[in-house]
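K.L.:
The opening position of the sequence shown corresponds to residue 21 in this note's numbering, with each subsequent residue numbered one higher.
Yeah, the Cβ is synthetic: ideal placement off N, Cα and C, and Gly gets one too.
Small disclaimer: the values here were computed from a predicted structure and weren't measured.
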Amino acid sequence: MADMEVALKDMMMLDGAVAAAVVDYGSGMPLGTLGGSKNFDIEVASAGNTEVVRAKLRTIEQLGLDQDIDDVLITLGSQYHLIRPTRGRRVKGLFLYVALDRARGNLALARRRLEAIEEELEV
């Protein structure tokens, strides 16, 4: 079982990690953040990505799909933004969020690592 601090540090250990957060998508508030810069406000990014998660969950519901979101990927010119909603009983209603430098990040590895972090996370 990993706590919030350990989960954030694990996300920041990914090659090319710029910033990481664990976010409550009900309130849009990050429960914890790490990284970022004056050019990348992780709190603003977390709140904005809450809307992405909510919109996709609404769409899945409206379509009547019996599916969960594994992850959401947003690719920018120089970054990957990876969002992974949590599913465990202990951490439902949250998402893991990591921004990666596209030139240094490994997307496949990041997806697998977020999955493992989610399984270990305890809030």
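Just the C-alpha distance for residue 99 and residue 112, rounded to the nearest angstrom, thanks.
P.N.:
Translated into positions along the sequence shown, residue 99 becomes position 79. Translated into positions along the sequence shown, residue 112 becomes position 92. Approximately 27 angstroms between the Cα atoms of the pair.
K.L.:
If contact is defined by three or more beta carbon pairs under 8 angstroms, each pair taking one atom from either stretch, is the segment 79-86 in contact with the segment 115-128?
P.N.:
Counting Cβ pairs under 8 angstroms, fewer than three are found: no touch.
K.L.:
If we count the other Cβ atoms within 10 Å of its Cβ and call it buried at 16 or more, is residue 115 buried or exposed?
P.N.:
Translated into positions along the sequence shown, residue 115 becomes position 95. Buried is the call here.
K.L.:
Confirm, please, whether the CB-CB distance from residue 94 to residue 105 is below 7 angstroms.
P.N.:
On the sequence shown, position 85 is the one that residue 105 refers to. On the sequence shown, position 74 is the one that residue 94 refers to. Cβ distance not < 7 angstroms, so residue 105 and residue 94 don't count as in contact.
K.L.:
So, at 8 angstroms on beta carbons, what are the nonlocal neighbours of residue 60 in its own chain, with the 5 sequence-adjacent residues on each side left out?
P.N.:
In the sequence shown, the residue the question calls residue 60 occupies position 40. 38, 39 and 119.
K.L.:
Alpha carbons only, please: which of 48, 108, 26 and 124 is nearest the one belonging to residue 75?
P.N.:
Mapped onto the sequence shown, residue 75 falls at position 55. Measuring C-alpha to C-alpha distances from residue 75 to each of 48, 108, 26 and 124 identifies 48 as the nearest.
K.L.:
Would you please state the rounded distance, in angstroms, between the beta carbons of residue 32 and residue 52? I believe it to be under 8 angstroms.
P.N.:
Numbered from 1 along the sequence shown, position 12 holds the residue referred to as residue 32. Numbered from 1 along the sequence shown, position 32 holds the residue referred to as residue 52. Rounded, the Cβ-Cβ distance is 11 angstroms, inconsistent with contact.
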